[in-house]
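Numbering (the numbering used here), first residue to last: 982 to 1114.
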(Lines of atoms letter the chains of each structure in order from A and count residues from 1; the text may use other names and numbers.)
(Lines give C-alpha, C1' and ligand atoms only; values in the text may rest on other atoms or scores of the structure.)
Protein backbone atom coordinates (compact mmCIF):
# COMPACT_ATOMS: atom_id res chain seq x y z
CA UNK A 1 0.00 0.00 0.00
CA UNK A 2 1.41 3.38 -1.06
CA UNK A 3 1.74 6.49 1.06
CA UNK A 4 -0.97 8.26 -1.00
CA UNK A 5 -3.25 5.25 -1.49
CA UNK A 6 -6.86 6.46 -1.66
CA UNK A 7 -5.84 10.14 -1.51
CA UNK A 8 -7.31 12.64 -3.96
CA UNK A 9 -5.82 15.92 -5.09
CA UNK A 10 -5.68 18.72 -7.62
CA UNK A 11 -2.53 19.71 -9.49
CA UNK A 12 -1.96 23.26 -10.72
CA UNK A 13 1.08 24.15 -12.80
CA UNK A 14 2.25 21.32 -15.05
CA UNK A 15 3.65 23.17 -18.06
CA UNK A 16 5.50 20.25 -19.65
CA UNK A 17 7.38 17.03 -18.88
CA UNK A 18 10.22 19.04 -17.28
CA UNK A 19 7.96 20.73 -14.72
CA UNK A 20 8.57 20.15 -11.04
CA UNK A 21 4.82 19.57 -10.79
CA UNK A 22 5.09 16.72 -13.29
CA UNK A 23 7.86 15.01 -11.30
CA UNK A 24 5.81 15.35 -8.11
CA UNK A 25 2.72 14.06 -9.91
CA UNK A 26 4.55 10.95 -11.05
CA UNK A 27 5.86 10.25 -7.55
CA UNK A 28 2.50 10.81 -5.85
CA UNK A 29 0.70 8.72 -8.47
CA UNK A 30 3.19 5.89 -7.92
CA UNK A 31 2.18 6.03 -4.24
CA UNK A 32 -1.50 5.56 -5.13
CA UNK A 33 -3.01 9.06 -5.46
CA UNK A 34 -5.81 10.00 -7.83
CA UNK A 35 -5.49 13.52 -9.21
CA UNK A 36 -7.30 16.12 -11.27
CA UNK A 37 -5.30 18.57 -13.36
CA UNK A 38 -5.58 22.15 -14.54
CA UNK A 39 -3.89 23.97 -17.38
CA UNK A 40 -3.70 27.56 -18.54
CA UNK A 41 -6.69 28.58 -20.64
CA UNK A 42 -5.91 28.37 -24.34
CA UNK A 43 -5.93 31.64 -26.27
CA UNK A 44 -7.74 29.92 -29.13
CA UNK A 45 -10.31 27.34 -27.97
CA UNK A 46 -10.33 25.90 -31.49
CA UNK A 47 -6.65 25.01 -31.09
CA UNK A 48 -6.27 23.85 -27.47
CA UNK A 49 -2.47 23.74 -27.29
CA UNK A 50 -2.18 23.91 -23.49
CA UNK A 51 -4.94 21.37 -22.96
CA UNK A 52 -3.49 18.97 -25.53
CA UNK A 53 0.02 19.22 -24.06
CA UNK A 54 -1.25 18.39 -20.57
CA UNK A 55 -3.64 15.70 -21.81
CA UNK A 56 -0.78 13.91 -23.58
CA UNK A 57 1.21 13.82 -20.32
CA UNK A 58 -1.53 12.85 -17.86
CA UNK A 59 -3.74 10.59 -19.99
CA UNK A 60 -1.95 7.42 -18.77
CA UNK A 61 -2.95 8.44 -15.21
CA UNK A 62 -6.64 8.38 -16.21
CA UNK A 63 -7.47 11.73 -14.58
CA UNK A 64 -11.11 12.30 -13.64
CA UNK A 65 -10.63 16.08 -14.03
CA UNK A 66 -8.72 17.93 -16.74
CA UNK A 67 -9.75 21.56 -17.12
CA UNK A 68 -8.48 25.07 -17.63
CA UNK A 69 -7.97 27.50 -14.76
CA UNK A 70 -6.87 31.13 -14.77
CA UNK A 71 -5.84 31.67 -11.15
CA UNK A 72 -6.39 35.43 -11.51
CA UNK A 73 -10.14 34.73 -11.85
CA UNK A 74 -12.08 33.64 -8.78
CA UNK A 75 -14.82 32.18 -10.97
CA UNK A 76 -12.28 29.80 -12.58
CA UNK A 77 -10.98 28.70 -9.19
CA UNK A 78 -14.54 28.19 -7.92
CA UNK A 79 -15.43 26.14 -11.01
CA UNK A 80 -12.41 23.85 -10.55
CA UNK A 81 -13.12 23.24 -6.87
CA UNK A 82 -16.81 22.61 -7.59
CA UNK A 83 -15.77 19.96 -10.13
CA UNK A 84 -13.40 18.45 -7.55
CA UNK A 85 -16.14 18.41 -4.91
CA UNK A 86 -18.48 16.65 -7.32
CA UNK A 87 -15.85 14.12 -8.45
CA UNK A 88 -13.90 13.47 -5.25
CA UNK A 89 -16.04 14.66 -2.39
CA UNK A 90 -13.15 15.71 -0.18
CA UNK A 91 -9.69 16.73 -1.34
CA UNK A 92 -6.62 15.50 0.50
CA UNK A 93 -4.06 17.76 -1.18
CA UNK A 94 -3.51 20.57 -3.66
CA UNK A 95 -0.24 20.87 -5.56
CA UNK A 96 0.51 24.53 -6.39
CA UNK A 97 3.39 24.87 -8.84
CA UNK A 98 2.51 28.13 -10.54
CA UNK A 99 4.81 31.06 -11.25
CA UNK A 100 4.75 33.89 -13.74
CA UNK A 101 6.52 37.13 -14.58
CA UNK A 102 6.10 39.19 -17.71
CA UNK A 103 9.03 38.64 -20.06
CA UNK A 104 9.73 42.40 -20.25
CA UNK A 105 10.10 42.55 -16.47
CA UNK A 106 12.72 39.80 -16.55
CA UNK A 107 15.08 41.67 -18.88
CA UNK A 108 16.63 44.23 -16.55
CA UNK A 109 17.61 44.52 -12.91
CA UNK A 110 15.05 43.61 -10.26
CA UNK A 111 14.61 47.21 -9.14
CA UNK A 112 13.49 48.15 -12.67
CA UNK A 113 10.42 45.88 -12.66
CA UNK A 114 7.24 47.79 -13.38
CA UNK A 115 4.68 48.16 -10.59
CA UNK A 116 2.01 46.45 -12.69
CA UNK A 117 4.42 43.68 -13.66
CA UNK A 118 5.32 43.09 -10.01
CA UNK A 119 1.65 42.99 -8.97
CA UNK A 120 0.83 40.50 -11.72
CA UNK A 121 3.81 38.29 -10.83
CA UNK A 122 2.81 38.30 -7.15
CA UNK A 123 -0.86 37.63 -7.91
CA UNK A 124 -0.10 34.60 -10.06
CA UNK A 125 2.98 33.26 -8.27
CA UNK A 126 2.10 33.93 -4.63
CA UNK A 127 -1.47 35.08 -4.03
CA UNK A 128 -2.85 32.19 -6.08
CA UNK A 129 -1.57 29.81 -3.39
CA UNK A 130 -3.84 31.55 -0.87
CA UNK A 131 -6.74 31.60 -3.32
CA UNK A 132 -6.41 27.83 -3.85
CA UNK A 133 -6.11 27.09 -0.13
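Note that the Cβ used here is the ideal one computed from N, Cα and C, for glycine as well. Since we're looking at a predicted model, the values are computed, not measured.
At least three beta-carbon pairs within less than 8 Å, the stretch 1005 to 1022 to the stretch 1035 to 1052: yes
Status (buried if at least 16 other CB within 10 Å, exposed otherwise) for residue 1091: exposed
Three-pair Cβ contact test at 8 Å for the stretch 983 to 995 versus the stretch 1017 to 1028: yes
Distance between beta carbons of residue 1047 and residue 1002, contact taken as under 8 Å: The Cβ separation is near 14 Å, so there is no contact.
Simplified DSSP state of residue 1053, which is helix, strand or coil: coil
Host alpha helix (DSSP H) of residue 1098 (start-end): 1096 to 1103
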